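Here the structure is laid out as structure tokens; the discussion comes afterwards.
In the UniProt record's numbering, the protein residues as written are 1 to 396.
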């Protein structure tokens, strides 16, 4: 650790850096939290100028980070976590930029004119998704749920309320008599949305963007069944004599009480079921009659259902499968096209390709509350060229 600090001190005092120095800093920014760098920059600045460095806000740090990536030619191929955007990296990179200035680079005078990609993104800030959903009753009524709330709770008598107890405005809440007519609800979350649901048995569901869940007002005594399109995270209330079944395209997942994630988007090549705790059985239901393939999962395992009907089981990184529920993007050698599909659903944008789809893979983690411009910073300095046209991201 002391050798690392000494190397940083040498860089601070150097009048210029060679490629080996730059490569060392690339590695440092990717692997460490930047505290040593911040401390040295603060120390140097206070010693030379007698004043402390004013705190950098998020926007300033972001601008500095973007410029540093260009200065060091950071790209997806040279740094495996270019999209990490937590506070430690913001401050560490900001400190590195100040280091450049203090070492005689006079950084801000040498920053090039913004690229066309940067200029296009600056013209329109595409904000991240948020709480957004529509509840549709089987009798045809529907209501746009409050964006100020994060979820709804189904009552045993058919009433629908928000998490704070306030009733959802359905013009008229269903009576016990109405339940004979209202045999199901559909919670629909659009692109750019997310929403939570507590079912009548106490099971909690988190719905991701572009997803729908169809469920009854109240489960019967023998089993509990819901239908999913898209992606959802389930915390199933335990009931030994009442299995919980999630139906999705050609797949049925059966549990008694457990926590798991199902990703069943129509535009993804694979349908995945990831078990966090407990146990589940996943059944693939083939096109032909009586063709069923099953797999029982243990925590940390997932099934992958591919288009040809093959059901594979493998160990997985649970954090990668469930990060969206906790407000994060989490990529681990994720193919470019798959990553763009995730961004398209969350930011409610379209993605178009003029030519071949880039074949790079990317790794990293960042919060989903970032503007799209910030998320796409990791492409600046790479060979991937893009432009925005309204809410369409075009890759050339």
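Beta carbons are placed, not taken as given, at the ideal position from N, Cα and C, and that holds for glycine. From a predicted model like this one, the values you see are computed outputs, not experimental measurements.
Residue environment, residue i, which counts as buried when at least 16 other CB atoms sit within 10 Å
{"i": "residue 357", "result": "exposed"}
{"i": "residue 208", "result": "buried"}
{"i": "residue 307", "result": "exposed"}
{"i": "residue 223", "result": "exposed"}
{"i": "residue 277", "result": "exposed"}
{"i": "residue 345", "result": "buried"}
{"i": "residue 321", "result": "buried"}
{"i": "residue 167", "result": "exposed"}
{"i": "residue 125", "result": "exposed"}
{"i": "residue 147", "result": "exposed"}
{"i": "residue 139", "result": "exposed"}
Own chain, CB closer than 6 Å to residue i, minus 5 neighbours either side, in chain order
{"i": "residue 303", "result": "273, 282, 295, 311 and 313"}
{"i": "residue 227", "result": "214 and 247"}
{"i": "residue 293", "result": "284 and 311"}
{"i": "residue 286", "result": "309"}
{"i": "residue 255", "result": "236, 244 and 280"}
{"i": "residue 225", "result": "245"}
{"i": "residue 385", "result": "396"}
{"i": "residue 229", "result": "212"}
{"i": "residue 156", "result": "200"}
{"i": "residue 265", "result": "230"}
{"i": "residue 349", "result": "391 and 393"}
For residue i, three-class secondary structure by DSSP
{"i": "residue 396", "result": "coil"}
{"i": "residue 374", "result": "helix"}
{"i": "residue 63", "result": "Because residue 63 carries a pLDDT of 49, less than 50, the predicted location of this residue cannot be relied on, and the following value inherits that uncertainty. The answer is helix: DSSP assigns residue 63 an H, G or I state."}
{"i": "residue 92", "result": "Confidence at residue 92 is low in this model, with a pLDDT of 46, below 50, so the placement of that residue should be treated as unreliable; the coordinate-derived value is given next. Helix, per DSSP."}
{"i": "residue 264", "result": "strand"}
{"i": "residue 270", "result": "coil"}
{"i": "residue 229", "result": "strand"}
{"i": "residue 149", "result": "coil"}
{"i": "residue 283", "result": "strand"}
{"i": "residue 336", "result": "helix"}
{"i": "residue 78", "result": "Its pLDDT being 33, under 50, residue 78 is placed unreliably by the model, and the measurement read from it follows with that caveat. Coil at residue 78, not helix or strand."}
{"i": "residue 295", "result": "strand"}
{"i": "residue 322", "result": "helix"}
{"i": "residue 17", "result": "coil"}
{"i": "residue 405", "result": "Residue 405 lies beyond the residue range present for the chain, which begins at 1 and ends at 396; the question has no answer from this structure."}
{"i": "residue 141", "result": "coil"}
{"i": "residue 199", "result": "coil"}
{"i": "residue 170", "result": "coil"}
{"i": "residue 101", "result": "For residue 101, the predicted structure reports a pLDDT of 43, less than 50, and the residue's modelled location is therefore unreliable. A value from the coordinates is still provided. Of the three classes helix, strand and coil, the one that applies to residue 101 here is helix, per DSSP."}
Contacting residues, own chain, Cβ-Cβ under 8 Å from residue i (five flanking each side not counted)
{"i": "residue 47", "result": "At residue 47, the pLDDT of 47 sits below 50, so the modelled position is not reliable and the matter cannot be decided from this model."}
{"i": "residue 217", "result": "154, 158, 174, 179, 182, 183, 184, 185 and 200"}
{"i": "residue 267", "result": "341"}
{"i": "residue 7", "result": "24"}
{"i": "residue 164", "result": "149"}
Residue i vs residue j beta-carbon contact at 7 Å
{"i": "residue 260", "j": "residue 245", "result": "no"}
{"i": "residue 231", "j": "residue 211", "result": "yes"}
{"i": "residue 128", "j": "residue 368", "result": "yes"}
{"i": "residue 151", "j": "residue 197", "result": "yes"}
{"i": "residue 133", "j": "residue 192", "result": "no"}
{"i": "residue 199", "j": "residue 154", "result": "yes"}
{"i": "residue 396", "j": "residue 341", "result": "no"}
{"i": "residue 203", "j": "residue 237", "result": "yes"}
{"i": "residue 360", "j": "residue 336", "result": "yes"}
{"i": "residue 185", "j": "residue 137", "result": "yes"}
{"i": "residue 206", "j": "residue 233", "result": "yes"}
{"i": "residue 143", "j": "residue 170", "result": "yes"}
{"i": "residue 271", "j": "residue 305", "result": "yes"}
{"i": "residue 393", "j": "residue 351", "result": "yes"}
Paired residues, beta bridge with residue i - DSSP
{"i": "residue 154", "result": "160"}
{"i": "residue 350", "result": "392"}
{"i": "residue 364", "result": "331"}
{"i": "residue 301", "result": "315"}
{"i": "residue 224", "result": "244"}
{"i": "residue 193", "result": "130"}
{"i": "residue 212", "result": "188 and 229"}
{"i": "residue 255", "result": "244"}
{"i": "residue 205", "result": "197 and 234"}
{"i": "residue 136", "result": "142 and 186"}
Cut-off 7 Å between Cβ atoms - residues of its own chain near residue i, not counting five sequence neighbours on either side
{"i": "residue 339", "result": "331 and 362"}
{"i": "residue 315", "result": "300 and 301"}
{"i": "residue 235", "result": "203, 204 and 259"}
{"i": "residue 318", "result": "274, 276 and 300"}
Check: residue i C-beta below 6 Å from any heavy atom of the ligand FAD
{"i": "residue 303", "result": "What this structure holds is no ligand at all, so the ligand FAD is not there to describe."}
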